[in-house]
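4 protein chains.
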Amino acid sequence: MPEAIEKPKKKAASEEKRRLILEAARRVFEREGLEGASLRSIAGEAGYTPAALYFHFDSREEIYAELLASSLESLKVFVDQSLKDGTTARERFEKAAFAFFDYYDKTPDDLALGLYLFRGGISPKSVGRDRNKELNAALSTCLEPIAEAALSLGATDKQAKDMKARVFAHATGVLLLSHTGRIRMFECTAPQMMRDYITEQLTLQKWN
Amino acid sequence: MPEAIEKPKKKAASEEKRRLILEAARRVFEREGLEGASLRSIAGEAGYTPAALYFHFDSREEIYAELLASSLESLKVFVDQSLKDGTTARERFEKAAFAFFDYYDKTPDDLALGLYLFRGGISPKSVGRDRNKELNAALSTCLEPIAEAALSLGATDKQAKDMKARVFAHATGVLLLSHTGRIRMFECTAPQMMRDYITEQLTLQKWN
Amino acid sequence: MPEAIEKPKKKAASEEKRRLILEAARRVFEREGLEGASLRSIAGEAGYTPAALYFHFDSREEIYAELLASSLESLKVFVDQSLKDGTTARERFEKAAFAFFDYYDKTPDDLALGLYLFRGGISPKSVGRDRNKELNAALSTCLEPIAEAALSLGATDKQAKDMKARVFAHATGVLLLSHTGRIRMFECTAPQMMRDYITEQLTLQKWN
Amino acid sequence: MPEAIEKPKKKAASEEKRRLILEAARRVFEREGLEGASLRSIAGEAGYTPAALYFHFDSREEIYAELLASSLESLKVFVDQSLKDGTTARERFEKAAFAFFDYYDKTPDDLALGLYLFRGGISPKSVGRDRNKELNAALSTCLEPIAEAALSLGATDKQAKDMKARVFAHATGVLLLSHTGRIRMFECTAPQMMRDYITEQLTLQKWN
DNA sequence: TATGAATGAGTATTCATTCAT
DNA sequence: TATGAATGAATACTCATTCAT
C-alpha cells in the first residue's frame, strides 16, 4: 500500500513548503514593510513564481493571516519564557504585562502586521470567521498569564479579565505612540510609560 | 464696482468646491476605507475627473492631510465644548480626557484616518515637515486641556506633560480594541474602560 | 479719431506681451530642456495662466516655432558680427563657416530646439507651410555669407550653393556628436573637427 | 524525454514573442514616430495588454534599447556585406563609408531611432551604463572598417580614428538634412553629398 | 506541483486644450 | 485680455489573480 505511506510524506513536504514561503514572507515584511510585501515580492523571496503560491495559500491575505498566527506563537513563547524565573504573583504580573509590550517594542514589524490585520486589513471573506476566532484565541492566550497573576493576587474573575484588556489597551497605545515617533512630542520613553502603568496597576487595585 | 464683489465670490466658490471635494473624500473614506480612497474614487464621488482635483489640491496626500487637519479641528471644538460646563479642576480633567476618547469613539472614521496618517501614511516629502509639525501641534492643542487641569490639580510641568501622553496612549489603545471588535473578547465596553482609567489616574496621582 | 491711435498702441502692447512670453519660454527651455518646456511651465514662468497664452499663440508648437525663428535671428546676428573684421574672402569663409558651428556649440539649447523642430517635432498642420518656408529662408540667410565668400574665391553659383549645404551638414553632424557626448568615443574635440573641415574645404576646392 | 524537448521549445517560443513585440514596436515607431511609440501603442500593436509586455521586457526603455541594438546589428551586416566585393583599400574605404550612410538613408526610421536614443533618450538609470557601452561599442564596430581601410592606405592610428569620427559626423549631418527635407533648399541630393565627401577625403589625406 | 504568460483593473500624475465668465 | 475650472486622453508601471501547459 504505497499510497498509505506516500500521503503523509506528501503532506509533510507540503507543510514544509508552506513554512518556507511564510519565512520568506516574513523576511520581505521585515525588509520592506507592509506596503512592499506584495505577493510578487514574497514569491520572489521564496524562490517561487507568484502563481506557485496559490498551491499553498488561497490568497495573499491568507499569507498575512498565517504570518500573524505565527507572530502570535512567537509572542506566546516570549511571554512564557519571561515568566519562567518569576516566583511571586506580583513578579509574574509585572513580567507578563511587560513581556507583551516588550515583544512588540522589539519587533516593530510584528506590530505593524498586527495593527494592519487587526484593522480592516483582513477581509472577512478571505480569512473567515473561524480563522478570526483562532487569532483572537491565540491573542487571548498570550495575555492569559496576566489574568492568572491577577487571580493569584486576589482579583476576581471579572477583575482579572478586565486587567487583560487594560494592559492590552495601554500597551497597544504606547506602542502606537512610540512606533509612529509621536512619543517624542511628549518627551518620554515607551518602556518607561509601560513600566509606570504596570506599577500603577499594582499599587492601585484593591485586591492588591 | 463689480470686480470688488466678484473676486470674493470666486474665492468663496473655490473654497466651497474644495470643501465639497473633501466631503466626497470623507464619504469614500467612510465607505471604502483608506485603501479604497484613491484619487480616482474621490474624484468620482465628487463628480469630477481625477485631473480636476489637481486644480484644488496639489496631490492625493494633500487631500488626506486636509482631511486630518479638519478632523483635528472638529476634535478641538468637541473637546472645548465638553469643557465649557466644567468648574472644578477635577471635572475639567475628567471631561477633557474623556472627550478626547469620546470624539473618536463616536466617529470611527476619523480614528481610522488619524491612525493611518499618524503612521507612515503621510510621506514627509509630499506633505512636508511643516505640515507634519502643524498636525502634531494641532493634536497637542487638543490634549492641552488635560495638562492644564492636571496643573490646576497640583501636578508639576513634567507630570502634566506625562499625563497628556498617558491619556493619549490609553485612549488610543482602547479605541483600537473597540474599533477592531476585539473588545468583545474581553467582555467590557470601551467607554467604561476609559472612565475607569480616568478615575484611576485621579485617585492615583500624588498631586491629587 | 481715438481708434486710429488706439489700434497701434494695442498692437504694440500685444507684441510686447508676445515677446515677454517668448522670453519666458526661452528661459524655461534653457533651464529644463525641451521635455520640460510644457505650455504650463512657460505660462508659469511668464506669469500667466496656460489659457492666457492662447490669446497670443495658437498652440504650443507655435511658441516653439517662434522660438526657433528668434534663435535663427540671433544666429544671424552672431554670424554677421563675426564677419565684421574679416577682410579677405578666405577669412570671411572661415569666419562664416565657423561662426555657424560656434553659435550652436556655445548655445546647446538652441541646438536642441533646432534639432527638435527640424525633425518631426513641428507638425505641419500647426506651423503651416508658410512658416516652414520662413524658417528655411531664415536658415538660408545665416548660411549665405559662406556662399558669398565662396563666390569671391571663384566658385560658381552651384559650387557656392553646395558649399552651404556641406558646411551645414558637417557642422550639424559634429554638433550632434559633441552634444550627445559620443565625441569622446573618438578622442577628438568638436571645434577642432570643424576647423579641420573648413581648412580642408579651402585647400581642396579647385576654385581656391 | 518530453522535458528535454519542451524546455527549448518554451525558450524558443518566448524568444519568438519578444521578437514579435519588437517588430510591433518597430512598426509603431515607423508609423507614429518616437513620441507615439508608447508602451500602450506598442502593446496594442502587438496584440497585448500593456502589462503583458513587462513579462518580456523590464521597461519601455529596454524595448527601445533592444530596437536600437538590433538596428545596429543590421547596420553591421549591411556594412560587412557591402565590403565583401571590395579588393583595394581605396574601394574598401569608399564602400565602408558609403554603406554607413546608405543604411540610414534607406531606413530613415532606424535613423530616427538612433538619433533619439543617442541623445538623452535612453536614461542611464533604466538602461544602465553597461548597455550604453554596448551600444557605443556596436556603433564603433560598424565604423571600424573605415578605420581599417584608412590604415591600409597609410594613415596613422590617430588619423584612422579621426577618420571614423569625420565620416560619422558628415554622414549624420547629411542624413539629418535629407531626413528633414531641408536638403531641397540646397538643390542637391544626399547620396551625392556623401559621395563627394568620401572622394574629397580620399584625394585630400596626405597618407593617400 | 509549478511555470510562463496574460489579464484587467488599478496607481498618481501630467498634458494641451477648451470654455464660460 | 485673462482667469479658473474642467476635460479627456495620455503616461509608465504594479497588482493579485487565472489558466493552459
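Which chain is which? The protein sequence lines are A, B, C and D, in order. 1 is the number of the first residue of the first sequence in the working numbering; add one for each residue after it. 1001 is the number of the first residue of the second sequence in the working numbering; add one for each residue after it. 2001 is the number of the first residue of the third sequence in the working numbering; add one for each residue after it. 3001 is the number of the first residue of the fourth sequence in the working numbering; add one for each residue after it. Beta carbons are placed, not taken as given, at the ideal position from N, Cα and C, and that holds for glycine. Small disclaimer: the values here were computed from a predicted structure and weren't measured.
| query | result |
| --- | --- |
| Counting only runs of 4+ residues fully inside the stretch 80–111 of chain A, write out the alpha helix (DSSP H) ranges in chain order. | 89–106 |
| Hey, does C/Leu2115 have any beta-carbon neighbour from chain D nearer than 9 Å? | yes |
| Residues of chain A with CB closer than 9 Å to the CB of B/Val1077, please, in chain order. | Within 9 Å Cβ-Cβ: nothing; B/Val1077 doesn't reach chain A, min ~21 Å. |
| Alpha helix (DSSP H) containing C/Leu2153: first to last residue? | C/Leu2153 -> no alpha helix (DSSP H), and no H or E assigned at all. |
| Near D/Leu3075, what residues of its chain come up, given a Cβ to Cβ distance below 6 Å and the 5 sequence neighbours on each side ignored? | Tyr3103, Cys3142 |
| Against chain C, with Cβ distances strictly below 9 Å, would D/Asp3080 count as a contact? | no |
| Comparing C-alpha positions only, which one of C/Glu2030, C/Glu2016, C/Glu2035, C/Glu2023 sits nearest to C/Ala2043? | C/Glu2023 |
| Look up A/Gly114 in the DSSP assignment and say whether it is helix, strand or coil. | helix |
| Determine, using beta carbons only, whether C/Glu2134 and C/Ala2069 come nearer to each other than 9 Å. | yes |
| Give me the residue from B/Leu1175, B/Arg1031, B/Ser1041, B/Leu1202 with the minimum Cα distance to B/Leu1115. | B/Leu1175 |
| On the criterion of 16 or more Cβ atoms from any shown chain inside 10 Å, does A/Glu73 qualify as buried, or is it exposed? | exposed |
| Which of the residues in the stretch 2152–2172 of chain C, read from start to end, lie with their CB under 9 Å from any CB of chain D? | Lys2158, Lys2161, Asp2162, Lys2164, Ala2165, Arg2166, Phe2168, Ala2169, His2170, Ala2171, Thr2172 |
| Pull up the CB-CB distance for C/Ala2065 and C/Pro2145, whole angstroms please, since I reckon it's below 8 Å. | No, C/Ala2065 and C/Pro2145 are not in contact; Cβ-Cβ is about 24 Å, not under 8 Å. |
| Is D/Gly3114 a contact residue of the ligand GTP, with contact defined as CB to any heavy atom under 8 Å? | Ligands are entirely absent from the displayed structure, and the ligand GTP is therefore not among its contents. |
| Tell me whether C/Gln2201 is buried or exposed, calling it buried when 16 or more other Cβ atoms sit within 10 Å of its Cβ. | buried |
| If you check the beta carbons only, do A/Thr203 and B/Leu1204 fall under 9 Å apart? | yes |
| Hey, does D/Ser3140 have any beta-carbon neighbour from chain C nearer than 9 Å? | yes |
| Contact check, A/Leu111 vs A/His170 under 8 Å by CB: the rounded distance? | Rounded, the Cβ-Cβ distance is 15 Å, inconsistent with contact. |
| Cα separation between C/Leu2113 and C/Glu2032? | 12 Å |
| Secondary structure at D/Gly3181, three-state DSSP: helix, strand or coil? | coil |
| Please check if any C-beta of chain D sits within less than 9 Å of the C-beta of C/Ile2146. | no |
| Find the nearest neighbour of C/Lys2158 within the set D/Met3185, D/Leu3177, D/Ala3137, judged by alpha-carbon distance. | D/Met3185 |
| Applying a beta-carbon distance threshold of less than 7 Å, which residues of chain A neighbour B/Val1174? | Ala169 |
| According to DSSP, is D/Lys3206 part of a helix, a strand, or is it coil? | coil |
| Can you list, in chain order, the residues of its chain with a C-beta nearer than 7 Å to that of A/Ala149? Leave out the 5 residues immediately preceding and following it. | Ala89, Arg92, Phe93, Ala96 |
| In chain C, which residues lie less than 8 Å from D/Leu3177 when you measure between Cβ atoms? | Ala2165, Phe2168, Ala2169, Thr2172 |
| Give the residues from the stretch 3034–3068 of chain D that approach chain C closer than 7 Å (Cβ to any Cβ), ordered along the chain. | none |
| Between D/Phe3029 and chain C, is there a C-beta pair that is closer than 9 Å? | no |
| Report the residue from D/Phe3101, D/Arg3027, D/Lys3164, D/Ile3063 whose alpha carbon sits nearest the alpha carbon of D/Asp3109. | D/Arg3027 |
| Rounded to whole angstroms, what is the Cα-Cα separation between B/Thr1107 and B/Arg1018? | 22 Å |
| Please confirm if A/Asp105 has its CB atom under 9 Å from at least one CB of chain B. | no |
| Can you say whether B/Ser1071 is buried or exposed, counting buried as having 16 or more other CB atoms within 10 angstroms of its CB? | buried |
| A/Phe186 touches chain B at which residues, Cβ-Cβ below 8 Å? | Lys1161, Asp1162, Lys1164, Ala1165, Phe1168 |
| Enumerated in chain order, which unbroken segments of the beta strand (DSSP E) with a length of 3 residues or greater are wholly contained in the stretch 2040–2074 of chain C? | none |
| Can you give me, in chain order, the residues of the stretch 1187–1204 of chain B that have a beta carbon less than 7 Å from any beta carbon in chain A? | Glu1187, Cys1188, Met1193, Glu1200, Leu1204 |
| In this structure, does DSSP put A/Ala37 in helix, strand or coil? | coil |
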